[in-house]
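**Student:**
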Amino acid sequence: MRLSPREIDPSLRDASAWPAVEPSMVPTARARAALERRVASVKAWLDGTRALSEIEREFRVRRCELYRWIQRCLQAHDDGRIWGFRALIPHQRRAPNQPKPHVDPASAPGGKSGQAGQLRRLFTRFPELEELVDATLFQKKPLPTAFRCGSPCGTSTGFGSSVAAIWALATTSGP
Numbered sequence: 069m070r071l072s073p074r075e076i077d078p079s080l081r082d083a084s085a086w087p088a089v090e091p092s093m094v095p096t097a098r099a100r101a102a103l104e105r106r107v108a109s110v111k112a113w114l115d116g117t118r119a120l121s122e123i124e125r126e127f128r129v130r131r132c133e134l135y136r137w138i139q140r141c142l143q144a145h146d147d148g149r150i151w152g153f154r155a156l157i158p159h160q161r162r163a164p165n166q167p168k169p170h171v172d173p174a175s176a177p178g179g180k181s182g183q184a185g186q187l188r189r190l191f192t193r194f195p196e197l198e199e200l201v202d203a204t205l206f207q208k209k210p211l212p213t214a215f216r217c218g219s220p221c222g223t224s225t226g227f228g229s230s231v232a233a234i235w236a237l238a239t240t241s242g243p
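Using this note's numbering, the first residue of the sequence shown is number 69, and each one after it goes up by one.
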């Protein structure tokens, strides 16, 4: 898709009015560098004074990527504004994964088993499990006693077997 800054609504061309990202909120130095490169390339494109080939060369970005980033930036966010530079954060989803109905892997066409979104569905049915996973994996807190396996560390085996039991319950019972 070819796009020109002149084709964008004039009220959206001013990048200084776009929702921004505080770089310190991006978790890794590598992701921050990628974000800064993306933001700079989109700003250069919005400025409209440089040739696209010059932007590609300077920021080491393909034009198809640049156009995709611009489209993402201009999409509406849940807060009523455009996504702006928030859309350029590496590895951040802008929309939740839409789960498909369960499909038996043996009968699925092309080897697709329809498992996308199953973890989200499980967390929706068992919010306490989502809290447990979040607390244990992402905040590095010890497992609650109820989920420990009896080993001195109280880690993987108890957690894994508890999750497996909940998963089995969730996938065998109705929706």
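For every residue, glycine included, the Cβ atom is placed at its ideal position computed from N, Cα and C. Since the structure is predicted, the reported quantities are computational estimates derived from the model, not experimental observations.
State yes or no: is the C-beta of G148 within less than 7 angstroms of the C-beta of W86?
**Tutor:** No. Outside cutoff.
**Student:** Contact defined as beta carbons within less than 8 angstroms: I believe R100 pairs with P91. What is the distance between those atoms, to the nearest angstrom?
**Tutor:** With 8 angstroms as the limit, R100 and P91 qualify as a contact, their Cβ atoms being about 5 angstroms apart.
**Student:** Counting only the same chain and skipping the five closest in sequence on each side, list residues whose C-beta sits under 6 angstroms from that of A155.
**Tutor:** Answer for A155: R140 and C141, listed in chain order.
**Student:** Near V94, which residues of its chain fall below 7 angstroms by C-beta distance, leaving aside the five closest residues on each side in sequence?
**Tutor:** Once the five neighbours on either side are set aside, the close Cβ partners of V94 are R100, L103 and I157.
**Student:** Is it buried or exposed, S79, if we count other Cβ atoms within 10 angstroms and call 16 or more buried?
**Tutor:** Exposed, since its Cβ has fewer than 16 Cβ neighbours within 10 Å.
**Student:** Reducing DSSP to helix, strand and coil, say where I76 ends up.
**Tutor:** Reduced to three states, the DSSP call for I76 is coil.
**Student:** Taking just the CA atoms, how far does E126 sit from V110?
**Tutor:** The straight-line gap from Cα to Cα measures roughly 12 angstroms.
**Student:** Would you identify the three-state DSSP class for I157, choosing helix, strand or coil?
**Tutor:** Reduced to three states, the DSSP call for I157 is coil.
**Student:** Could you check whether A88 and L114 sit closer than 7 angstroms to each other, using their CB atoms as the reference points?
**Tutor:** No, these two residues do not count as a Cβ contact at 7 angstroms.
**Student:** Using C-beta distances below 7 angstroms, list every residue in its chain close to A144, excluding the 5 sequence neighbours before and after it, in chain order.
**Tutor:** Excluding positions up to five away in sequence, the list reads I150.
**Student:** Straight-line CA distance for E199 to R130?
**Tutor:** Going by the C-alpha atoms only, they are around 40 angstroms apart.
**Student:** Quick one, which of I123, R106, Y135 and E122 has its alpha-carbon nearest E75's?
**Tutor:** Minimum Cα distance to E75 is reached at Y135.
**Student:** Does A101 come out as helix, strand or coil in the three-state DSSP assignment?
**Tutor:** Helix at A101.
**Student:** Could you check the C-alpha separation between A119 and I138 for me, to the nearest Å?
**Tutor:** Using only the alpha carbons, I get a separation of about 16 angstroms.
**Student:** By Cβ distance, which residues of its chain are closer than 6 angstroms to G116, with the 5 residues on each side in sequence left out?
**Tutor:** Excluding positions up to five away in sequence, the list reads P73.
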